[in-house]
Amino acid sequence: MKPLLELAGVSAAYLGAKILFDLDLSLADGEVVALVGRNGAGKSTLIKTVMGIQVRRSGSIRYDGQDIVRLPAHAIARLGVGYVPEERRVFGDLTILENLEVGRQPPRQGAPVWTTEALFEIFPNLEELRHRPAGQTSGGEQQMLAIARTLMGNPRLVLLDEPSEGLAPVIVEQMAAAVGKLKSQGLSVLLSEQNLRFAGVVADRAYVIESGHIRFSGSMQGLIENADVRRAHLSV
Amino acid sequence: MGPHSSPRHLDKTTLGFFLVQVLTGLSSAASLFLVAAGLSLIFGVTRVVNFAHGSFYMLGAYFGLTLVALFGDWFGRGHLSFWSAILCAALVVGAIGALVEMTILRRIYRSPELFQLVATFGVILVIQDLALWGWGPEDKLGPRAPDLRGAVFILGQPLPRYDLVLIAAGPVVLGLLWLLLNRTRFGILVRAATIDREMVGALGVNQAWLFTGVFFLGSFLAGLGGALQLPKGGADLLMDFTVLAGAFVVVVVGGMGSITGAFLAAVLIGQLQAWGVLLLPQSTLVMMFLVMAVVLVVRPFGLLGRPELVGHGRQMLDDPLRPTSWRFKGLVLLLVLGLAAAPLYLGTYGLVLLIDILILALFATALHAIIGPGGLVSFGHAAFFGGGAYAAALLVKYAGTPMALNLVLAPPAAALLAIVIGWFCVRLSGVYFAMLTLAFAQIVWSVVFQWGEVTGGDDGILGLWRAPWVRGRIAYYYLVLGCCVAGILALRHGLSSPFGYALRAGRDSPLRAEAIGIDVRRQQWAAFTLSGAFAGLAGGLYAYSKGSVFPNEMAIVRSFDGIIMVFFGGVQHLSGPLAGAAALTWLKDSLLRLEMWRLLLGLAVIAIVILFPQGIAGFLKQRFGRFVGIRSELSS
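Sequence lines, in order, name chains A and B.
Every letter in the first sequence is one number past the one before it in the working numbering, and letter 116, counting from 1, is 412.
Every letter in the second sequence is one number past the one before it in the working numbering, and letter 600, counting from 1, is 747.
Encoded structure:
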């Protein structure tokens, strides 16, 4: 089967400093893939590289058969790539509903169509808060909003940067359940994660990144069982 | 209060009088609000302060004039014809704004603030000449709105009927803007982009169209402001700068990015103008000054502004200053020797040009000190250049003091002005700083322009005779050469000293600089004052070179000359201003002979912004720097 996303020989620089070196990565349609690695290993940069924001990139990045390495972020988003940033970046002055409106895009072939009602079913907390400015909600609610806002664009592939970071354990569980629901809807997910347990619950496969290089790739189960790799590249 | 009010009628007359005064203030707030709201919207989304916004206002007035006449001929002079002409004028201006965005600004969103400001200033110049070409130099009287001639009487006091329209216009536009921003997808995207435009892009919104749309809307509002005030104020070629300074004050007082804040501030300023004219005709500007002072002290980001909207401008990359290489020193020495020998090989005309170049180079070096190492773009340095010139001239006129003394006193006088203005301005940074300095310089210019009894107003001050020992052109040339070389070296030395280090530290990382004990604001204030003093010296020398002073030396265009020279020369290089001064003088000298020199200069400036983002000296350095041992690290 042809991969939905395929990176070949990708390098990237941020503010003049080279962060990623000659990476290869692929993700099949409907797959959930985790990027794991220590702080500063280059996980977020890799996600931004796919999305085309804040980095200078080279190499080949193919999405659904099309080379996107020269496209601006909005064009990549319109092809069906959704981006949920690590810092969430919700629009603080806008209400929850308005935030969702910003993310709204026309339905897309081959991707599930989302409405605010459908999203409120996955994230019930948001429904009661829909008229509240996003800046006045909790971190967990903002994380849910950030995901919901991206889903309003009806993406086929969602890039989730550190979805469990800084959240209370009960919210992390909700997040894991939400990612599971996305997968069951047929969405593909590329997520970066420091929390191996979270990744283990949601991901099919994993890549381990260290210092901008990929050090391991294989099934999530394989990574969990491979103590050597974990000790060498993940343990702090 | 009026001289005719008898005690019996005092109450009713006074009340009516107060009421009319308040209403007059409200009506004068309308145009100011429309322009400021557009400025704020555009800045919020694009982070560009559109200095050409006043020009769009002016175009609105001129197009309104033409279209009202045209529609009048076609459709008769009824309501529909008049008001659709006003609306169409605003739409035309909106389209021009969108065109400017698509052709110029779109290319420089990633450039440093200075470049964007310079480019929009280029647009001002182009529009000035086009307006002159299209509508002629004379002031135009505005058409009357149908059925709105004459006055209504409020408690016996007359109020022009058209003022009622203007009074309504402010709140109506505010309401419509609110609906647009809160109830439409476009408005929600605009608000989202004001907070985080990159994220809006990552969600699939094509920012290019959003930016063009906002530029259209903002320019439309400015054009509407200009067209709406036609029956009251008409159209003239100075209204671009007049409204620009006012709009900047409104935006700073109201808070950048806040439409409601702009409305409140416009109402406040409108009231001040209405009452100020009445109580003390000369005091309006001073009162504006005071209001701004109070607001800035109490709320540095304006009535409804927020701190996070400020300081988004990209910092310019700057080479570390290295000790000058011997080869470069040798080159400077050669240049100075060559200049010293200039009278041997230059004719009178060449020498006059060279005197101008030297004086402007000193001015540009002074300005560069605050723009480059200080990181603060001052758009008001003409106030200090002109301040020095006027200090010398006023001393001659009122004290009859000798030239030498006047030249010595010009820098401290300009420094004094810089101390006062700087106290306000260093509280802010980035575009706010640029707007405030421009507004202050415009205020100083207005005082000089209007206070004819003291300053001679438009006629200037004549009769600045040089002392006998420098009466000859060649002798004066040497005096200028000496002063300018000494001034430039002194500034250069100051910027390479611990004072300069602290200044640059404050520019590059204000928080860390504060943490190691540098009072960043005080440092900037001191640098601003120092820069003002040297600009004042340049102004004094200039006054004695011409033998007269005119308000032009203080006008925005003079500030812009300074900016252009620094920009031509490249902000990163201390040697830039000299190259910039030579380039500007040469350019102006060749262009001034042509009819539309402003248009050509404007286009040249815009082209340079787009083509040479490092300025001329930067470009030369990158190309040839190796030969003089100052190769830039950044260029490699």
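Idealized CB from N, CA, C, for every residue including glycine.
Span separating the alpha-carbon of Q671 of chain B from that of L564 of chain B: Counting from 1 along the second sequence, the entry for residue 671 of chain B is found at position 524. Counting from 1 along the second sequence, the entry for residue 564 of chain B is found at position 417. For Q671 of chain B and L564 of chain B, the distance between alpha carbons rounds to 15 Å.
Proximity below 8 Å, CB of V380 of chain A to CB of V454 of chain A: Translated into positions along the first sequence, residue 380 of chain A becomes position 84. Translated into positions along the first sequence, residue 454 of chain A becomes position 158. Taking the C-beta atoms as reference points, V454 of chain A is found nearer than 8 Å to V380 of chain A.
Delimiting residues of the beta strand (DSSP E) encompassing L319 of chain A: In the first sequence, the residue the question calls residue 319 of chain A occupies position 23. Per DSSP, L319 of chain A belongs to the beta strand (DSSP E) from A313 to L323.
P299 of chain A at chain E interface by Cβ criterion, 8 Å: In the structure shown, chain E does not exist; the protein chains are A and B.
Residue-chain proximity (M205 of chain B, chain A), Cβ-Cβ < 8 Å: To locate residue 205 of chain B, count along the second sequence from 1; it is residue 58. Using a CB distance cut-off of 8 Å, M205 of chain B does not count as an interface residue toward chain A.
Exposure of R344 of chain B, with buried meaning 16 or more beta-carbon neighbours within 10 Å: The count along the second sequence starts at 1 and reaches residue 344 of chain B at position 197. Buried, because 16 or more other Cβ atoms sit within 10 Å of the Cβ of R344 of chain B.
Run of the beta strand (DSSP E) containing L331 of chain A, from where it starts to where it stops: As a first step, residue 331 of chain A is located in the first sequence; it is residue number 35 there, counting from the start. From DSSP, the beta strand (DSSP E) with L331 of chain A extends over V328 to V332.
Residues that T391 of chain A bridges to, as DSSP identifies them: Here residue 391 of chain A refers to the residue found at position 95 when the first sequence is read from its first residue. Note: T391 of chain A sits in a beta bridge opposite A:P429.
Three CB pairs or more closer than 8 Å across the stretch 266-276 of chain B and the stretch 208-223 of chain B: Flag = no, the stretch 266-276 of chain B and the stretch 208-223 of chain B do not touch.
DSSP-derived helix/strand/coil call for S178 of chain B: Your numbering for residue 178 of chain B matches position 31 in the second sequence. Under the three-state reduction of DSSP, S178 of chain B is assigned to helix.
Where S340 of chain A falls: helix, strand or coil (DSSP): As a working note, residue 340 of chain A is residue 44 in the first sequence. Note: S340 of chain A maps to helix in three-state DSSP.
The stretch 381-405 of chain A: positions lying closer than 9 Å to chain B by Cβ: Taking 9 Å as the Cβ-Cβ cut-off against chain B, the residues of the stretch 381-405 of chain A that qualify are P381, R385, V386, F387, G388, D389, L390, E394, N395, E397, V398, G399, R400 and Q401.
Per DSSP, the bridge partner or partners of K287 of chain B: Within the second sequence, residue 287 of chain B is the residue found at index 140, counting from 1. Per DSSP, B:A382.
Contacts of R338 of chain B in chain A (Cβ-Cβ under 8 Å): Position 191 of the second sequence, counted from the start, is the residue given in the question as residue 338 of chain B. Within chain A, the residues whose beta carbon sits less than 8 Å from that of R338 of chain B are F387, D389, L390 and E394, listed in sequence order.
Entirely enclosed alpha helix (DSSP H) segments - the stretch 406-458 of chain A, minimum 4 residues: Counting whole runs of 4 or more residues, the stretch 406-458 of chain A contains the alpha helix (DSSP H) stretches 412-418, 420-424 and 435-447.
Presumed contact (8 Å Cβ cut-off) between L731 of chain B and I753 of chain B, rounded CB distance: Walking along the second sequence from the start, residue 731 of chain B turns up at place 584. Walking along the second sequence from the start, residue 753 of chain B turns up at place 606. Not confirmed; about 15 Å, so no contact.
Bounding residues of the alpha helix (DSSP H) (the contiguous stretch that carries H528 of chain B): The residue you call residue 528 of chain B lines up with position 381 of the second sequence. Taken as a continuous stretch (DSSP letters only), H528 of chain B belongs to no alpha helix (DSSP H), as it is neither H nor E.
Chain A within 8 Å of I335 of chain B, Cβ atoms only: Stepping through the second sequence from its first residue, residue 335 of chain B is reached at position 188. It does; some Cβ of chain A falls within 8 Å.
Test item: CB-CB of V182 of chain B and G380 of chain B under 8 Å: If you number the second sequence from 1, residue 182 of chain B lands on position 35. If you number the second sequence from 1, residue 380 of chain B lands on position 233. The Cβ atoms of V182 of chain B and G380 of chain B lie no closer than 8 Å to each other.
Min CB distance R445 of chain A to chain B below 8 Å: Translated into the one-based positions of the first sequence, residue 445 of chain A becomes position 149. Using beta-carbon distances, R445 of chain A counts as an interface residue toward chain B, with a partner under 8 Å.
Every unbroken alpha helix (DSSP H) inside the stretch 262-338 of chain B [4 residues or more]: 308-330, all fully within the stretch 262-338 of chain B.
Opening and closing residue of the alpha helix (DSSP H) in which L611 of chain B lies: Counting from one through the second sequence, the residue named residue 611 of chain B turns up at place 464. It is not in any alpha helix (DSSP H) - L611 of chain B carries neither H nor E in the DSSP assignment.
is_contact[H427 of chain A, chain B] using C-beta, thresh 8 Å: In the first sequence, residue 427 of chain A corresponds to position 131, counting from 1. Output row for H427 of chain A: interface = no.
Residue from B:L350, B:V445 and B:W744 whose Cα sits closest to the Cα of A442 of chain A: Here residue 442 of chain A refers to the residue found at position 146 when the first sequence is read from its first residue. Of the residues B:L350, B:V445 and B:W744, the one whose Cα lies closest to the Cα of A442 of chain A is B:L350.
Own chain residues within Cβ distance below 6 Å of F512 of chain A, not counting five before or after: Residue 512 of chain A sits at position 216 when you count from the first residue of the first sequence. These residues qualify, in order along the chain: V504 and V525.
According to DSSP, residues forming a beta bridge with A502 of chain A: Locating residue 502 of chain A in the first sequence gives position 206, counting from the first residue. The partner list for A502 of chain A (beta bridge, DSSP) reads A:A330 and A:G514.
Given V398 of chain B as reference, the closest of B:P698, B:P615 and B:G185 once Cα atoms are compared: The residue you call residue 398 of chain B lines up with position 251 of the second sequence. Answer by Cα proximity: B:G185.
Span of the beta strand (DSSP E) around R555 of chain A: Here chain A comprises residues numbered 297 to 532, so residue 555 of chain A is not present and cannot be evaluated.
Simplified DSSP state of T362 of chain A, which is helix, strand or coil: As a first step, residue 362 of chain A is located in the first sequence; it is residue number 66 there, counting from the start. Reading the sequence as shown, one finds Gln at residue 362 of chain A and not Thr. Three-state result, Q362 of chain A: strand.
The stretch 304-322 of chain B touching the stretch 360-373 of chain A, judged by at least three CB pairs closer than 8 Å: No, they do not touch.
S356 of chain A: CB within 7 Å of a non-hydrogen atom of the ligand ADP: The ligand ADP is not part of this structure, which contains no ligands at all.
Nearest to W592 of chain B (by Cα), restricted to the options B:V167, B:G634 and B:A529: For this step, residue 592 of chain B is matched to residue 445 along the second sequence. The candidate whose alpha carbon is nearest that of W592 of chain B is B:A529.
Per-residue burial, L519 of chain A [other beta carbons within 10 Å of its own, 16 or more giving buried]: On the first sequence, position 223 is the one that residue 519 of chain A refers to. L519 of chain A should be labelled buried.
Candidates B:G485, B:R474, B:L481 and B:L411: closest to G449 of chain B by CA position: Reading the second sequence from its first residue, position 302 is the one you call residue 449 of chain B. In terms of Cα proximity to G449 of chain B, the closest of B:G485, B:R474, B:L481 and B:L411 is B:L411.
Cβ contact check for the stretch 390-405 of chain B and the stretch 537-554 of chain B: 3 or more pairs under 8 Å: Contact between the stretch 390-405 of chain B and the stretch 537-554 of chain B is absent, because fewer than three Cβ pairs lie under 8 Å.
Chain A contact for A349 of chain B (CB, 8 Å cutoff): For the purposes of this step, residue 349 of chain B is taken as the residue at position 202 of the second sequence. True, the Cβ-Cβ gap to chain A drops below 8 Å.
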